[in-house]
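Residue numbers (the working numbering), protein chains in the order written: chain F, 7 to 117; chain Y, 399 to 512.
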C-alpha cells in the first residue's frame, strides 16, 4: 500500500514564504502531486513532480527527491486567499491511475 | 474553461435506499474517477474507469457500489443500499491521459444518510 505524511497545520503571515513537506512510502512510486482545497470546495490541481527537482508555477513551487521519498510545496508571497488545505498525493505504478492522498495540511494565512 | 459538473450538490437519503450520483466529465477526457471525503478527513479513492470498464477500485468500493457511463457524457456512481457511514462528499474527477498526475475534480455531491 501507500502512505503519506504531512503536517496537519501551518500558520504564516501575509507576504511570507511557507513550505509544506510530504514524505511518502510506496512500492512503485510514479509521481507526486499537490492539490489545494478550500473549505467546502473541490480539490484543485496545483503541481506535479515525476522527476527529482523543482517545478515552478507562479508563486507556487514543488520539489521532489525520490531517493529521500520526500517532496514539498513552497508558497511564496502568501495571500489571504491561500488559506486552504493542501494535499500531497502519490501515484503508484502498481496501482494504476489512482491517487492516494495524504491527510492534508491546513494553511492559515494571517494579516 | 471546461469543468467537471456534478448533480445533485446535496442528497439526503434514508439508510437502505439506493442513490445515484451523477457527473459530467470534461468532454475530451478519457479517464474518470470517483473519490469520497468524509468530513474533516482526507480524500479517498474509490474507483477509476476507462474504455467503459473499471480499471482500478479500492477496498471501499464493495458490491454495494457500481459505476456506469450510460451515454457519451454522463458518469454515474450508484450506491445500492446506503449505510450511515456512506455519508460523505463524493467527488467525480476526470483526466485526459492515464498518467493520473493532473485530475480535474467536480464540485462534489454531499451525501447525507439518515
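Every residue, glycine too, gets a C-beta built ideally from N, C-alpha and C.
Which same chain residues, not among the five before or five after residue 500 of chain Y, have their C-beta less than 7 Å away from its C-beta?
On the second chain, position 102 is the one that residue 500 of chain Y refers to. So the list reads 493, once near-sequence residues are dropped.
So, at 7 Å on beta carbons, what are the nonlocal neighbours of residue 415 of chain Y in its own chain, with the 5 sequence-adjacent residues on each side left out?
Here the question's residue 415 of chain Y lines up with position 17 in the second chain. Counting only Cβ-Cβ distances below 7 Å, and skipping sequence neighbours, we find 480.
Is the stretch 461-481 of chain Y close to the stretch 83-101 of chain F, with three or more CB pairs under 8 Å?
no
By how many angstroms is the C-alpha of residue 90 of chain F removed from the C-alpha of residue 505 of chain Y?
Position 107 of the second chain, counting from 1, holds the residue named residue 505 of chain Y. Position 84 of the first chain, counting from 1, holds the residue named residue 90 of chain F. Going by the C-alpha atoms only, they are around 16 Å apart.
May I ask you to list, following chain order, the residues of the stretch 7-21 of chain F that have a beta carbon less than 7 Å from some beta carbon of chain Y?
Listed by position along the chain: nothing, the set is empty.
Determine the DSSP secondary structure at residue 455 of chain Y, reduced to helix, strand or coil.
Along the second chain, read from residue 1 onward, the residue named residue 455 of chain Y stands at position 57. Residue state, collapsed to three classes: strand.
Mapping DSSP to helix, strand and coil, what is residue 99 of chain F?
By 1-based counting over the first chain, the position of residue 99 of chain F is 93. Correct three-state label for residue 99 of chain F: helix.
How far does the beta strand (DSSP E) with residue 114 of chain F in it reach, from first residue to last?
Looking up residue 114 of chain F in the first chain gives position 108. Element bounds for residue 114 of chain F: 111-116.
Give a yes or no on whether the C-beta atoms belonging to residue 66 of chain F and residue 80 of chain F are separated by under 9 Å.
Along the first chain, read from residue 1 onward, the residue named residue 66 of chain F stands at position 60. Along the first chain, read from residue 1 onward, the residue named residue 80 of chain F stands at position 74. Yes, these two residues count as a Cβ contact at 9 Å.
With a CB to CB cut of under 7 Å and the five nearest residues on each side skipped, what residues in its chain are close to residue 82 of chain F?
Taking the first residue of the first chain as position 1, residue 82 of chain F is located at position 76. Result list for residue 82 of chain F: 23 and 65, in chain order.
Starting from residue 90 of chain F, find everything on chain Y with Cβ-Cβ shorter than 7 Å and list it in chain order.
As a position in the first chain, residue 90 of chain F is number 84, starting the count at 1. What residue 90 of chain F touches in chain Y: nothing, since even the nearest Cβ is about 14 Å away.
Let me confirm a value: residue 465 of chain Y is counted as buried when at least 16 other C-beta atoms fall within 10 Å, else exposed. Which label applies?
Position 67 of the second chain, counted from the first residue, corresponds to residue 465 of chain Y. Classified as buried, residue 465 of chain Y has 16 or more neighbouring CB atoms from the shown chains inside 10 Å of its CB.
What is the C-beta distance between residue 29 of chain F and residue 11 of chain F, in whole angstroms, given that I count them as a contact (C-beta under 8 Å)?
If you number the first chain from 1, residue 29 of chain F lands on position 23. If you number the first chain from 1, residue 11 of chain F lands on position 5. Sure, about 5 Å apart at Cβ, within 8 Å.
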